[in-house]
Amino acid sequence: MMVTCKKYVLVKHFEGEPKPSDFVIVEEQLPAIKNNEILAEAEYLSVDPYMRLHVDSFPTGITMIGIQVGKIIESKSSKYPVGKRVVGNFGWRTHTVINIEDEKKYSMGLPHNYILPEIGDLPASVGLGVLGMPGNTAYFGFLDICQPKAGETLVVSGAAGAIGSLVGQIGKIKGLTVIGIAGSDDKCQWLKNECGFDHTINYKTQNVDVELKKLAPDGVDCYFDNVGGDISTTVMYQMKLFGRVSVCGHISSYNTDINAKPKTTILQPAIISSQLKIEGFIITRWADKWQEGIAQNLKWIQEGKLKYRETVTHGFENMFNAFAGMLKGENTGKAIVKV
Ligand SMILES: NC(=O)c1ccc[n+]([C@@H]2O[C@H](COP(=O)([O-])OP(=O)(O)OC[C@H]3O[C@@H](n4cnc5c(N)ncnc54)[C@H](OP(=O)(O)O)[C@@H]3O)[C@@H](O)[C@H]2O)c1
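Residues 1 to 339 in the UniProt record's numbering are what the sequence shown spells out, letter by letter.
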């Protein structure tokens, strides 16, 4: 089968907010597959905050980076039969030919491709969210780093996003009191009514410092930080003695030129006086335990303990809008594009 693929080529590195003109959509004629090769057709593609940062480390001219769930429509590999779904780090493209034997095991530190595990009635898109990279980031990044104990208080920023919404629910599973900080009343309602968060703060309409003092008068034990900036400074000044902070992301400054060394608030007094343990991580740390995280999150979903939501944008031609919208907070739960 000869197919024509569409792909997004990065023609300009982002300056400030990404712009549609930073990409062009290009057509590419794919060759017929050979032995050990498969042809995958993208069904769902992921748009993620890391893309805003990481494309800077690649030259222009690359196919935009990203993970997708593709359906195998042609195969010359018995391990990857036609009809199965493959989760692959193939980039923003509609069709991909890969050689299963030759393909590198990891790309950007994560498994390059694998057959989507058995997920029952769930949609294949969960392979990009709760049962994929964000789900594993929540599971390992929270539990391994914060070492939470029942009865403790957890604050999550970016709480209504793909990772934050799961971290808060895992906190509830582990018996913590959970406070989520998110950017709209609708998001806060969802966190409380469906995800079981105990409390929420809308950082756009409420004073985080004042509200957090009311909600956690004795202080915060664990902070899962998705956003950095002022929100995180405020939380860290309200930590308990020996509090633990898992630094996952700093989306509030992704459009800022870090090399310009913008002025920041001073955190050392809080770190020293509360003897905080602050640890950053990259999810690649747990690449060898990938399927373990997926299996645990799937079990929690099946037990009704873990809820997930996806904000689905339709159409490959709307990839950029989905990406830009996610960076601005238009998503609740995982931002996904359905081809
Ligand atoms: N360390 C790792 O290995 C790793 C892996 C994956 C992701 N991450 C990081 O984890 C974080 C969450 O990722 P995700 O995939 O779950 O994304 P997400 O939370 O689903 O989407 C991004 C969200 O960030 C919020 N946001 C945007 N600008 C903000 C600002 N100035 N201040 C506060 N919040 C802002 C928006 O929600 P609101 O409406 O609430 O503003 C938006 O919905 C990101 O920082 C990402 O880079 C890290």
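All C-beta atoms in this analysis are idealised placements derived from N, C-alpha and C, irrespective of residue type, glycine included.
The residue among K261, G158, I145 and K149 with its C-alpha nearest the C-alpha of E279 is I145. Counting only unbroken stretches of 3 or more residues, the beta strand (DSSP E) elements lying wholly within the segment 236-321 are 239-247, 277-280 and 310-314, in sequence order. Each of G61, L45, Y80 and I72 was checked against the Cα of N89, and the nearest Cα belongs to L45.
D48 has its CB nearer than 7 Å to a heavy atom of ligand 1. With contact defined as three or more Cβ pairs closer than 8 Å, the segment 166-174 and the segment 195-208 are in contact. With contacts defined by Cβ atoms closer than 8 Å, I72 and I38 form a contacting pair. Secondary structure of P111 (DSSP, three-state): strand. Judged by DSSP in its simplified three-state form, S75 adopts strand. Using a Cβ-Cβ distance cut-off of 8 Å, the segment 150-163 and the segment 215-223 are in contact, since at least three pairs of beta carbons, one from each stretch, lie closer than that value.
Ranking Q268, P269 and Y254 by CA distance to the CA of P262 puts Y254 first. An exposed status is given to T60, since fewer than 16 other beta-carbon atoms sit within 10 Å of its beta-carbon. Judged by DSSP secondary structure, G219 falls outside any beta strand (DSSP E); it is assigned neither H nor E. If you draw a straight line from the Cα of Y139 to the Cα of N113, it comes to about 20 Å.
Judged by DSSP secondary structure, K334 falls within the beta strand (DSSP E) whose first and last residues are K334 to K338. In the DSSP assignment, Y106 is bridged to P111. Between ligand 1 and the CB of V227, the shortest heavy atom gap is smaller than 7 Å. Counting along the chain, the unbroken beta strand (DSSP E) around S46 starts and ends at E37 to S46.
For the segment 140-189, the full-length beta strand (DSSP E) segments reaching 3 residues or more read 153-157 and 177-182 along the chain. Out of P49, D185 and V55, the CA that lies nearest to the CA of L10 is found in V55. Counted as a single uninterrupted DSSP element, the stretch harbouring R85 is not any alpha helix (DSSP H) but the beta strand (DSSP E) occupying residues R85 to G88. In the DSSP assignment, V24 is bridged to V9. Ligand 1 approaches I283 closely enough that one of its heavy atoms is under 7 Å from the residue's Cβ. Residue side-chain check: P117 keeps its Cβ at 7 Å or more from all non-hydrogen atoms of ligand 1. Contact between T177 and C248 is ruled out by a C-beta separation of about 20 Å, above the 8 Å threshold. Using a cutoff of 7 Å, the CB of L327 counts as near ligand 1, since one of the ligand's heavy atoms is closer than that. Less than 8 Å separates the beta-carbon of A287 from that of Y106. In the DSSP assignment, T96 falls within the beta strand (DSSP E) that extends over H95 to N99.
Under the three-state reduction of DSSP, G70 is assigned to strand. The residue among L327, S232 and I251 with its C-alpha nearest the C-alpha of I271 is S232.
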